[in-house]
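Heads up, the thing below is written out as structure tokens.
Number of protein chains: 2
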Amino acid sequence: MLKIAALEKLVHELSHLPGIGPKTAQRLAYYILKSPAEYSQHLTEALQRVQSEVHTCPECFNYTDAVICKYCEDPHRQSDVICVVEEPMDISRIEASGAFRGRFHVLHGAISPLEGVGPQQLKIKELLAKVNKGVAGDGPAIREVIMALDADLEGDTTVLYLTKQLQDKSVRISRIAHGIPIGSDIDYVDDRTMGRALENRVEL
Amino acid sequence: MLKIAALEKLVHELSHLPGIGPKTAQRLAYYILKSPAEYSQHLTEALQRVQSEVHTCPECFNYTDAVICKYCEDPHRQSDVICVVEEPMDISRIEASGAFRGRFHVLHGAISPLEGVGPQQLKIKELLAKVNKGVAGDGPAIREVIMALDADLEGDTTVLYLTKQLQDKSVRISRIAHGIPIGSDIDYVDDRTMGRALENRVEL
Chain A
1 MLKIAALEKL VHELSHLPGI GPKTAQRLAY YILKSPAEYS QHLTEALQRV
51 QSEVHTCPEC FNYTDAVICK YCEDPHRQSD VICVVEEPMD ISRIEASGAF
101 RGRFHVLHGA ISPLEGVGPQ QLKIKELLAK VNKGVAGDGP AIREVIMALD
151 ADLEGDTTVL YLTKQLQDKS VRISRIAHGI PIGSDIDYVD DRTMGRALEN
201 RVEL
Chain B
205 MLKIAALEKL VHELSHLPGI GPKTAQRLAY YILKSPAEYS QHLTEALQRV
255 QSEVHTCPEC FNYTDAVICK YCEDPHRQSD VICVVEEPMD ISRIEASGAF
305 RGRFHVLHGA ISPLEGVGPQ QLKIKELLAK VNKGVAGDGP AIREVIMALD
355 ADLEGDTTVL YLTKQLQDKS VRISRIAHGI PIGSDIDYVD DRTMGRALEN
405 RVEL
């Protein structure tokens, strides 16, 4: 429609990004064209730098630009508690709460038969190996595995699978609580959340 | 917050794009990291190609990858009618309607005293030169200038300024009609649009 091959290619590439449709991609491409050439250069450099410098931590599979990530490196963090998350991005949410000072383990997704994602595609065997090493005495003993996975079908399936795999390892397995968000009005809470909140009520 | 310099830089650059806040920029950066390396390469190539191949047409200031743009080159288009638009992107909307077969002229913005954009920053003197050339017989005679500018304060100001400049050139000056959009419900039309629609009513 634009009839300029280079511009159409940029729109095509930008529209692969999540939440960016063809219309928004077109707006972004025109913005980049209208901007001084330095902006495009900065963006290109940033893309190349991320690709060359950032990789996954061999311990927890979080993103890092060092040999191992800062959470795995920090000697002041508890090494006997592992918080399992779906994506590296989830770590910053958990860190922001200030309520967790252990290690992380990033699965890089959740089990989703519909999208063809099975346990083999995720960093599950690495998590099990870490727990096994602790049991065998080859690594730090793991006391607890906290599942901080999404509260959707894929998250639930993954929690179920991991629980089954970890059952006989004599580690405590827990999942972050689902319930009414702090500061929200009970009137506006959906049925399933209310169901969970009642089910998981805490004794006072 | 992410503590990975390369990733923070990419988030920073992405958040300059229109409609992309820091949160969305973070989501996009993580998506790029998660994608195969080819995606990042394709995006980088597309950015570089756009920067090196696309420039503005010396006639109408639309974007093109040729010497002059396809609208200026096409001998089947009327050369005596010029449609003035704010941005190159607006041309595709006008073309899609199929109701215009003349030339274009892109101002690359609109007069906005608040943002420090005066007539000097826009391609206004080039438009006036084109009309003057026609009057002097040095170029194609211009019969009509159609203003297809945004229906906001900046668009209105620019139309007013251009009308004043073109007044004594014996060209017809018109502006695209503002009124009720086709297919829309009169109940939902705002007051100002309704005012314009009544003002500019068409005799049947």
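Respectively, the protein sequence lines represent chains A and B. Using this note's numbering, you'd call the opening residue of the first sequence number 1 and step up by one each time. Using this note's numbering, you'd call the opening residue of the second sequence number 205 and step up by one each time. Using N, Cα and C, we set each Cβ at its ideal position, and we do this for glycine too.
Could one say the Cβ of residue i lies closer than 8 Å to chain B's Cβ atoms, at least one of them?
| i | result |
| --- | --- |
| A/Lys-70 | yes |
| A/Asp-65 | yes |
| A/Glu-13 | yes |
| A/Gly-19 | yes |
| A/Arg-27 | yes |
| A/Met-89 | yes |
| A/Tyr-188 | no |
| A/Leu-107 | no |
| A/Val-117 | no |
| A/Leu-128 | no |
| A/Val-54 | yes |
| A/Ile-32 | yes |
| A/Thr-24 | yes |
| A/Val-37 | It is Ala, not Val, that sits at residue 37 of chain A in the sequence shown. Closer than 8 Å to some Cβ of chain B, the Cβ of A/Ala-37 qualifies, so yes. |
Answer yes or no: do residue i and residue j have a C-beta to C-beta separation smaller than 8 Å?
| i | j | result |
| --- | --- | --- |
| B/Lys-274 | A/Lys-3 | yes |
| A/Gly-102 | A/Val-81 | yes |
| B/Ala-355 | B/Gly-383 | no |
| A/Gly-21 | B/Thr-228 | no |
| B/Gln-255 | A/Ala-37 | yes |
| A/Ser-40 | B/Leu-251 | yes |
| A/Val-84 | A/His-105 | yes |
| B/Leu-326 | B/Leu-311 | yes |
| A/Val-145 | A/Ile-173 | yes |
| A/Glu-13 | B/Leu-218 | no |
| B/Lys-213 | A/Arg-77 | no |
Between the C-alpha atoms of residue i and residue j, what's the straight-line distance to the nearest angstrom?
| i | j | result |
| --- | --- | --- |
| B/Lys-368 | B/Val-271 | 32 Å |
| A/Val-117 | B/Val-215 | 28 Å |
| B/Met-351 | B/Lys-329 | 15 Å |
| B/Cys-276 | B/Gly-341 | 18 Å |
| A/Arg-27 | B/His-220 | 13 Å |
| B/Asn-404 | B/Met-398 | 10 Å |
| B/Asp-360 | B/Arg-379 | 10 Å |
| A/Arg-93 | A/Phe-100 | 11 Å |
| A/Glu-203 | A/Asp-187 | 23 Å |
| B/Ala-300 | B/Ala-233 | 34 Å |
| A/Pro-181 | B/Asp-394 | 38 Å |
| A/Asp-185 | A/Ala-177 | 18 Å |
| A/Arg-192 | A/Ile-91 | 25 Å |
| B/Gly-387 | B/Gly-343 | 42 Å |
| B/Leu-353 | A/Tyr-31 | 18 Å |
| A/Glu-115 | B/Ser-239 | 16 Å |
| B/Leu-366 | A/Gly-98 | 59 Å |
| A/Cys-57 | B/Cys-261 | 49 Å |
For the candidate residues the options, whose alpha-carbon lies nearest to that of residue i?
| i | options | result |
| --- | --- | --- |
| A/Asp-74 | A/Ser-174, A/Glu-59 and A/Glu-87 | A/Glu-59 |
| A/Pro-119 | A/Ile-32, A/Gly-134, A/Cys-83 and A/Leu-160 | A/Leu-160 |
| A/Phe-61 | A/Pro-181, A/Pro-88 and A/Lys-9 | A/Pro-88 |
| A/Ser-79 | A/His-42, A/Glu-38, A/Thr-158 and A/Arg-143 | A/Arg-143 |
| B/Glu-290 | B/Asp-391, B/Ile-315 and B/Arg-253 | B/Ile-315 |
| B/Asn-336 | B/Asp-294, B/Val-375 and B/Glu-319 | B/Val-375 |
| A/Thr-64 | B/Leu-211, B/Ala-300 and B/Asp-391 | B/Leu-211 |
| B/Pro-317 | B/Arg-281, B/Leu-237, B/Glu-299 and B/Thr-362 | B/Thr-362 |
| B/Glu-257 | A/Thr-44, A/Ala-177, A/His-42 and A/Leu-33 | A/Leu-33 |
| B/Ala-345 | B/Leu-366, B/Lys-373, B/Glu-319 and B/Leu-353 | B/Lys-373 |
| B/Ala-209 | A/Leu-149, A/Glu-45 and A/Gly-183 | A/Glu-45 |
How would you list, in chain order, the residues of chain C whose beta-carbon sits under 7 Å from the beta-carbon of residue i?
| i | result |
| --- | --- |
| A/Ser-40 | Of the chains in the structure shown, none is chain C; the protein chains are A and B. |
Check the Cβ-Cβ distances between residue i and every residue of chain A, and say whether any is below 8 Å.
| i | result |
| --- | --- |
| B/Tyr-365 | no |
| B/Ile-208 | yes |
| B/Ile-380 | no |
| B/Gln-220 | In the sequence as presented, Gln is not what sits at residue 220 of chain B; that position holds His. For B/His-220, the answer is yes, since a Cβ of chain A falls inside 8 Å of its Cβ. |
| B/Leu-353 | no |
| B/Val-289 | no |
| B/Ala-303 | no |
| B/Leu-370 | no |
| B/Lys-213 | yes |
| B/Leu-247 | yes |
| B/Ala-314 | no |
Could you name each continuous alpha helix (DSSP H) segment of 4 residues or more that falls completely within the stretch 66–101 of chain A, going from the start of the chain to the end?
70–73 and 88–97
What are the complete alpha helix (DSSP H) segments, minimum 4 residues, inside the stretch 18–69 of chain A?
22–34 and 37–53
To test your reading of the DSSP string, which unbroken alpha helix (DSSP H) runs of 4 or more residues are found completely within the stretch 138–171 of chain A?
153–166
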